[in-house]
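In this note's numbering, the protein residues as written are 9 to 259.
Read the structure below first, then the notes.
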Amino acid sequence: MAVVFDRTNGLQKVDTHYCPGCTHGIIHRLVAEVLEELDVLGNAIGVVPVGCSVLAYNYFNCDTQEASHGRAPAVATGVKRTNPDKIVFTYQGDGDLASIGTAEIVHAAARGEKITTIFVNNTTYGMTGGQMAPTTLVGQKATTAQNGRNPETQGYPIRVSELLATLTGAVFVERVAVDSPANVRKAKKAIKRAFEVQQAGKGFGIVEVLSTCPTNWGLTPVDALQWLRDNMMPYYPVQNFRDDLKNEEVK
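Spelled out as structure tokens, the structure:
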């Protein structure tokens, strides 16, 4: 019988700890598939900090380094500079990257560090109980914003991709979503492009992935996907913001 769909060698054969309906698993698979297809699994080093993906070193079938909360870009910078022949990537959530790690990601991009960042945006601190994150939407409720985010006292959600796209060192910036099969395919294409840019030694690349958190949102997995479409996508448009090499072959 012909095999039409199989487990990628980019992931370990273990169960993940993620909540039912969480789309981290989809994003993990996309990254793993890309690393396998580019034939760089044995040459890749992932850096994962504190957050929902804190145990990702158990899942990716490549070398993986743990980092302190928010510090993955700094750790990845050191790893890449001392191992320039390796494919180095960070896998970070919004509470990590856009809060305590804001300076790290901004300056890594400004320096044009030749690393790839996978940024998972689900508008909440998922691992620690649903506190308001830098990406929590206006009016969205959180354990630390019981009446919903109020911009007068809590500011506005940060659009990370738009921010980083203004920096010269960031050569590839794209926002994608994993709410539908069509968007999952587009997400994989963007992730692959970001890694190809690194392979070509061109500069910093980031793919922001709009993801769901059914548990902390208090929704079913299906309703969470619709909530993402109805509420996140209008504020966080899915699009390419920067591709300095769009007219070049980077393989």
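Idealized CB from N, CA, C, for every residue including glycine.
Source: prediction; values computed, not measured.
Using alpha carbons as the reference points, say which of the options lies closest to residue i.
| i | options | result |
| --- | --- | --- |
| E44 | A106, G29 and C70 | C70 |
| N224 | T16, L19 and Y26 | Y26 |
| C221 | G103, N158 and N130 | N130 |
| L19 | V11, M9, G50 and A10 | G50 |
| T152 | G78, A52, D102 and Y133 | Y133 |
| S169 | D93, G156, T143 and E160 | T143 |
| R167 | H36, P242, D251 and Q139 | P242 |
| Y67 | L253, Q100, L227 and D23 | D23 |
In this structure, how does DSSP classify residue i when only helix, strand and coil are distinguished?
| i | result |
| --- | --- |
| Q148 | coil |
| Y264 | Here the chain has residues from 9 to 259 only, and residue 264 is not among them. |
| V184 | strand |
| Y26 | coil |
| R89 | helix |
| I166 | coil |
In chain order, what residues of the same chain lie with their CB nearer than 8 Å to the CB of residue i, ignoring the 5 residues before and after it?
| i | result |
| --- | --- |
| A198 | E182, V184, V215 and N248 |
| R15 | K21 |
| V8 | No statement about residue 8 is possible, as the shown extent of the chain runs from 9 to 259 and does not include it. |
Name the DSSP beta bridge partners of residue i, please?
| i | result |
| --- | --- |
| T125 | T98 and I214 |
| L19 | F68 |
| G54 | T72 and F97 |
Excluding sequence positions up to five away, which residues of its chain have a Cβ less than 6 Å from the Cβ of residue i?
| i | result |
| --- | --- |
| A117 | L172, L175, G177, A178 and F212 |
So, at 7 Å on beta carbons, what are the nonlocal neighbours of residue i in its own chain, with the 5 sequence-adjacent residues on each side left out?
| i | result |
| --- | --- |
| L236 | A185, D187, L218 and T220 |
* Asked: Can we say the stretch 83–91 touches the stretch 122–140, given the rule of at least three CB pairs closer than 8 Å?
  -> yes
* Mind the definition here: the stretch 174–187 touches the stretch 203–219 only if three or more C-beta pairs lie below 8 Å; say whether that holds. => yes
* To do: Check whether the stretch 99–110 touches the stretch 57–65, counting contact only when three or more Cβ pairs, one atom from each stretch, lie closer than 8 Å.
  => yes
* Can you find at least 3 beta carbon pairs, one from the stretch 31–50 and one from the stretch 185–196, that sit closer than 8 Å? -> yes
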